[in-house]
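Have a look at the structure below before the remarks.
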Amino acid sequence: MRRLFLFAPLLLLYCTLVILAVTEHHRCMHDRVVMHVGAYIFSDGSSAAEASPQQEASNPLKRQEPTSGWDPIRIKFFTDDLNTSGRFCSTVDESVFSVKSSLTCTTDDVLTPEKEEILVKKILPEAIKLHSDRLFVERLRGPIVVPTFDSRSLCSKFTIPQEHKTTGVDEADMVLYVAAAPTTDGAFAWAATCATLGPNGRPVVGIINYGPRYIVATPQRVRVAAHEIAHALGFNFPEMERKDMVQIWENGNDQYVVRRVNSSNVLRETKNHYNCDSAEGMELQSVAFVSVPPAKTAAVFALTATVQGEYELGESHSNVMDGLLTGKESVDSDVQERREEEGSNDAKFTQNVHHSSHLLSKRRSIYAQTAMMASQTPSDCVAEKQVKTAKGTECIVEAPIYIPNHKGKMTLSHWSRRNAKDELMVGLVGAGYYTAITMGAFADLGYYKVNWTMAEQMSWGNNSKCEFLNNKCVNSGETKFSNMFCTTKSSKGTESLRCTSDRQSLGTCSSIEAKPVEKDLPARFQYFSDDKKVGSDSSEQMDYCPFIKALPQKSCISGERNQMPGSVIANNSRCVEGNGLTANNAAVGAVCVEVSCKFNKVIVRYSGNDEWYSCPEGKNLTVDGTVLQGKIVCPKYADVCNTINKTLDESQGPEKDPDTVEAIQTSQPEATGTARPTENDGNQEVTAPVVQNEASTTTEANRSETKEENNTSSVSGQNNNATAKKGPDGSFKASSFASVMFVFLTLSVIMLP
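When you line the sequence shown up against mature numbering (1 follows the signal peptide of the UniProt record, and there is no 0), it's residues -21 to -1, 1 to 732, in that order.
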């Protein structure tokens, strides 16, 4: 009995470690964090928005490349807070400050030397390179002298060396201060702008915090850091609205509003990506309605409004303004109704809460700006605050915090995930493709020019035409976009497995686990004959649309082998759909295969076969080995090659082109207007020789695992300078490590007297 008692926590430990291998998505909390940056005052919005240089010029019909005088942005980061006691978790049960309160450290929150190395030497450098490869600025000609921030601002909580406030930071166009305090609500990290070049200028000082529990060396974690750094660089809804980049569309019949970025570059790239000439802009994440009452005083400090659309409505997130509102008062009546219909105050609700349009149409925005920005005048800009730029001398000031407040309503700083699921700047970050749409937003801010040749292709919505943007994802249980949305009820067998849109996991249709709502949905979210049925939970931020959702333990990179028959688990494995495919004589809908993009084409190696085979886009590759039989549908080049580990591919991919006769695919991601092949495309077939060998799923997996342990590679999928010493996810191959520990500890218990 004693042994059984000791065995139970060992089993719990094993299950916990296995869960670490599950592919997770980062829930961005940027719109909450910025409410804690700076000291705030409210004004009546009388200050006119300054149009960006891009907007003042005639709308460009073509992409404009950086000209002379514009160079890649230089971003430097400093990690003093990773060595400052009390600023990170060094032990369990320690108390550490994060955003607005102190949190108690758990084991996962402890910043180990291994995690610190991954963050400092891999994640941050590669995330920064994603931006410096794409964003060009007029470089500063002097040091960045960091201003002293208001003591109530979150920026003041970061450790800034004294010399940065006096002599400044040389050879930089942007400075980031890094911390690793615990995070909450599924947010891996958060960031914000702290100082700009004048009240309307480019961000030059920012902060970023990365939660230790989420620090692992995978491409996705690099993309999460890049997402947050993008916010610090100015990608946020308030800044876009201040630059006159956003317009509001209202639907009086259904009583809801849509905000789209329609600035010139974003509009052009949106039309190109979706192949929709009538597109009116790129839709932002649906409005989360949060009431903000009129200020009783001109200055309101330590504003702690919560963007509640993405998060659970618990007590810790219910107050919009500390000491001013109760949780019930903080949400609009229709949001409150959603909370009640979901059953409790802790229920999750959709961001797409409808609201009468006339309340917005006749209201001007209320601006909240920092007290420093409000009081700043040219005479206040002493020499210590000045920096030389290409256009003269600018004063570095504490970042203006501008909160659009349409009768107390807030919009989130992300693209609509329903329309751009795998993009870098959606609120729930997965693959994180840095597309031309996001690059267009940076260009339209006015203080960046972009290197368009580095735009990454995203298959989601590509060439889907206007119907995808304007119509329902599913209508009466049917969809015209089967490569993105799903309607067929999946079984629990392996034949129901399909690829997630980023091709990094196996999954099934989200509608299987989605819980019906208690009240009828608004008409625009009704996709089935049952008005209470939804295609996905509101927490997925997909407007309730059904999509292929990754399953636990079925990541191509770090999944559980015994849960994924016929799949190869490896750092560069990606998912491909099957066509009459079987694994060990059992039907399987999709599998993970090892992918190489050497020789400017997609080459694959599948379970039960050590050979590499060319897999031309959209064609069927006939497989016939000891594990897999049938056909796999070859993926689009951009789908699998944008994010693979290129250093690992170069060193451990095929030594020679397996098919030198076939036409070589382009080495660059395809043009925005290129259609994604459907699962039924590919009348032409490519037949692989029947390989009679003794390879098995276990043999293949062991070979792949050995490769992962010895790889020296970049984790971003783009940059190739860092050396990875961990498993493919940087967590010492969580599931394998869990298995070893489980066996070791179990034997120890069994041997107890």
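C-beta atoms are modelled at their ideal positions from N, C-alpha and C, and glycine is treated no differently. Computed from a predicted structure; not experimentally measured.
task: Identify which residue in Glu229, Gly48, Gly609 and Gln532 has its Cα closest to the Cα of Val567.
output: For this step, residue 567 is matched to residue 588 along the sequence shown. The candidate whose alpha carbon is nearest that of Val567 is Gly609.
message: Does the stretch 51 to 71 come into contact with the stretch 151 to 160, if we say contact requires no fewer than three beta-carbon pairs (one atom in each stretch) closer than 8 Å?
response: Below 8 Å, enough C-beta pairs join the stretch 51 to 71 and the stretch 151 to 160 to call them touching: three or more.
- request: Answer yes if the stretch 498 to 518 comes into contact with the stretch 579 to 590, meaning at least three C-beta pairs across the two stretches below 8 Å, and no otherwise.
  value: Three or more Cβ pairs closer than 8 Å define a contact, and the stretch 579 to 590 falls short of that threshold against the stretch 498 to 518.
message: Mapping the DSSP letters down to three states, classify His206 as helix, strand or coil.
response: Your numbering for residue 206 matches position 227 in the sequence shown. Looking at His206 - three-state DSSP - the assignment turns out to be helix.
- request: Pull up the distance between the alpha-carbon of Glu377 and that of Gly180, whole angstroms please.
  value: By one-based count along the sequence shown, residue 377 stands at place 398. By one-based count along the sequence shown, residue 180 stands at place 201. Straight across, the Cα-Cα distance linking Glu377 with Gly180 is about 11 Å.
message: Please classify Glu402 as buried or exposed, where buried requires at least 16 other C-beta atoms within 10 Å of its C-beta.
response: What you label residue 402 is simply residue 423 of the sequence shown in a count that begins at 1. Buried is the call here.
query: With C-beta atoms as the reference, is Asp9 less than 9 Å away from Trp228?
result: For the purposes of this step, residue 9 is taken as the residue at position 30 of the sequence shown. For the purposes of this step, residue 228 is taken as the residue at position 249 of the sequence shown. One detail in the question is off: residue 9 reads as His in this sequence, not Asp. It is not a contact, given that the beta carbons lie outside the stated cut-off.
message: What residue range does the beta strand (DSSP E) around Gln532 cover?
response: To locate residue 532, count along the sequence shown from 1; it is residue 553. Looking at the DSSP string, the run of the beta strand (DSSP E) that includes Gln532 is Ile527 to Ser534.
query: So, helix, strand or coil for Trp169, using DSSP?
result: Within the sequence shown, residue 169 is the residue found at index 190, counting from 1. Strand at Trp169.
Of the residues Lys635, Tyr426 and Phe214, the one placed nearest Val116, counting alpha carbons only: Your numbering for residue 116 matches position 137 in the sequence shown. Of the candidates Lys635, Tyr426 and Phe214, the one whose C-alpha sits nearest the C-alpha of Val116 is Tyr426.
message: Here's the rule I'm using: 16 or more other beta-carbon atoms within 10 Å means buried, otherwise exposed. How should Arg202 be labelled?
response: Residue 202 sits at position 223 when you count from the first residue of the sequence shown. By the neighbour-count definition (other C-beta atoms within 10 Å, threshold 16), Arg202 is a buried residue.
field: CA-to-CA distance, Lys451 to Asp522, given in whole angstroms
entry: Working through the sequence shown from its first residue, we reach residue 522 at position 543. Working through the sequence shown from its first residue, we reach residue 451 at position 472. A direct Cα-Cα distance of roughly 10 Å separates Asp522 from Lys451.
query: Among Ala493, Ser130, Asp603 and Ala502, which has the Cα closest to the Cα of Ser515?
result: For this step, residue 515 is matched to residue 536 along the sequence shown. Ranking the options by Cα distance to Ser515, first place goes to Ala493.
task: Can you give me the start and stop residues for the alpha helix (DSSP H) that Asn241 sits inside?
output: One-based indexing of the sequence shown puts residue 241 at position 262. Per DSSP, Asn241 lies in no alpha helix (DSSP H) segment and is marked neither H nor E.
- prompt: If you compare alpha carbons, which of Gly213, Ile54, Asn550 and Glu474 is closest to Ala196?
  reply: Within the sequence shown, numbered from 1, the residue matching residue 196 stands at position 217. Closest in alpha carbon position to Ala196, among Gly213, Ile54, Asn550 and Glu474, is Asn550.
message: Measuring alpha carbon to alpha carbon, tell me which residue in Asp152, Tyr413 and Ile139 is nearest His252.
response: By 1-based counting over the sequence shown, the position of residue 252 is 273. Ranking Asp152, Tyr413 and Ile139 by Cα distance to His252 puts Tyr413 first.
task: Could you tell me whether the stretch 596 to 612 touches the stretch 622 to 633, using the rule of 3 or more Cβ pairs below 8 Å?
output: Inter-segment contact for the stretch 596 to 612 and the stretch 622 to 633 is absent: fewer than three beta-carbon pairs are separated by less than 8 Å.
- prompt: What is the residue span of the alpha helix (DSSP H) that Ser77 lies within?
  reply: Here residue 77 is taken as the residue at index 98 of the sequence shown, counted from 1. First-last for Ser77: Ser74 to Ser77, but that is the beta strand (DSSP E), not the alpha helix (DSSP H).
- prompt: Do the stretch 461 to 479 and the stretch 593 to 603 meet, that is, are 3 or more Cβ pairs less than 8 Å apart?
  reply: No: the two stretches stay apart, fewer than three of their Cβ pairs being nearer than 8 Å.
query: Under 9 Å, do Ala204 and Thr417 count as touching if we go by C-beta distance?
result: As a working mapping, residue 204 is identified with position 225 in the sequence shown. As a working mapping, residue 417 is identified with position 438 in the sequence shown. Thr417 sits away from Ala204, with the two beta carbons spaced by 9 Å or more.
message: Quick check on Ser443: buried or exposed, where buried means 16 or more other Cβ atoms within 10 Å of its Cβ?
response: One-based indexing of the sequence shown puts residue 443 at position 464. Buried, because 16 or more other Cβ atoms sit within 10 Å of the Cβ of Ser443.
- prompt: Would the beta-carbon of Ser480 fall within 9 Å of that of Ile527?
  reply: Within the sequence shown, numbered from 1, the residue matching residue 480 stands at position 501. Within the sequence shown, numbered from 1, the residue matching residue 527 stands at position 548. Yes, the pair counts as a contact, with Cβ atoms nearer than the cut-off.
- request: With a cut-off of 8 Å on the beta carbons, I'd call Ile102 and Ile194 a contact; round off their distance for me.
  value: The sequence position of residue 102 within the sequence shown is 123, counting from 1. The sequence position of residue 194 within the sequence shown is 215, counting from 1. Indeed, because the Cβ distance is near 7 Å, the residues count as touching under 8 Å.
message: Can you list, in chain order, the residues of its chain with a C-beta nearer than 7 Å to that of Asn430? Leave out the 5 residues immediately preceding and following it.
response: Mapped onto the sequence shown, residue 430 falls at position 451. For Asn430, where only same-chain residues beyond five positions count, the Cβ hits under 7 Å are Pro45, Asp112, Arg113 and Phe115.
- prompt: How would you write the range of the alpha helix (DSSP H) that Gly185 sits in, first residue to last?
  reply: Indexing the sequence shown from 1 puts residue 185 at position 206. Note, Gly185: premise wrong, no alpha helix (DSSP H); beta strand (DSSP E) at Pro182 to Tyr189.
Own chain residues within Cβ distance below 6 Å of Arg42, not counting five before or after: Within the sequence shown, the letter at position 63 stands for residue 42. Here the set comprises Trp431.
field: Spatial neighbours of Phe137 in its chain, beta-carbon cut-off 7 Å, leaving aside the 5 residues before and after
entry: Within the sequence shown, residue 137 is the residue found at index 158, counting from 1. If we look at Phe137 and ignore the five residues flanking it on each side, its Cβ neighbours are Asp60, Tyr156, Ala158 and Ile186.
field: Runs of beta strand (DSSP E) wholly within the stretch 492 to 556 (minimum 3 residues, chain order)
entry: Inside the stretch 492 to 556, DSSP marks whole beta strand (DSSP E) runs of 3 or more residues at positions 527 to 534, from first to last along the chain.
query: Would you report the Cα separation of Asn241 and Asp636, rounded to the nearest angstrom?
result: On the sequence shown, position 262 is the one that residue 241 refers to. On the sequence shown, position 657 is the one that residue 636 refers to. Each residue's Cα considered, the two are about 45 Å apart.
query: Helix, strand or coil for Ser593 per DSSP?
result: Translated into positions along the sequence shown, residue 593 becomes position 614. DSSP, read as helix, strand or coil, puts Ser593 in strand.
query: Closest by CA to Lys533, which one among Glu105, Asn449 and Arg477?
result: Here residue 533 refers to the residue found at position 554 of the sequence shown. Comparing Cα positions, the closest option is Arg477.
- prompt: Of the choices Ser132, Lys471 and Ala502, whose alpha-carbon is the least far from that of Asn488?
  reply: To locate residue 488, count along the sequence shown from 1; it is residue 509. Going by the sequence as given, residue 488 is Cys instead of Asn. Closest by C-alpha distance to Cys488, out of Ser132, Lys471 and Ala502, is Lys471.
message: In the DSSP output, what is Arg113 paired with across the bridge?
response: On the sequence shown, position 134 is the one that residue 113 refers to. Answer by DSSP bridge pairing: none, since Arg113 is not bridged.
- prompt: Going by Cα to Cα distance, which pick from Val13, Met153 and Arg192 is closest to Pro217?
  reply: Here residue 217 is taken as the residue at index 238 of the sequence shown, counted from 1. Ranking the options by Cα distance to Pro217, first place goes to Val13.
- request: Work out the CA separation of Glu474 and Phe56 for me, nearest whole Å.
  value: Numbered from its first residue, the sequence shown carries residue 56 at position 77. Numbered from its first residue, the sequence shown carries residue 474 at position 495. Taking the straight line from one Cα to the other gives about 48 Å.
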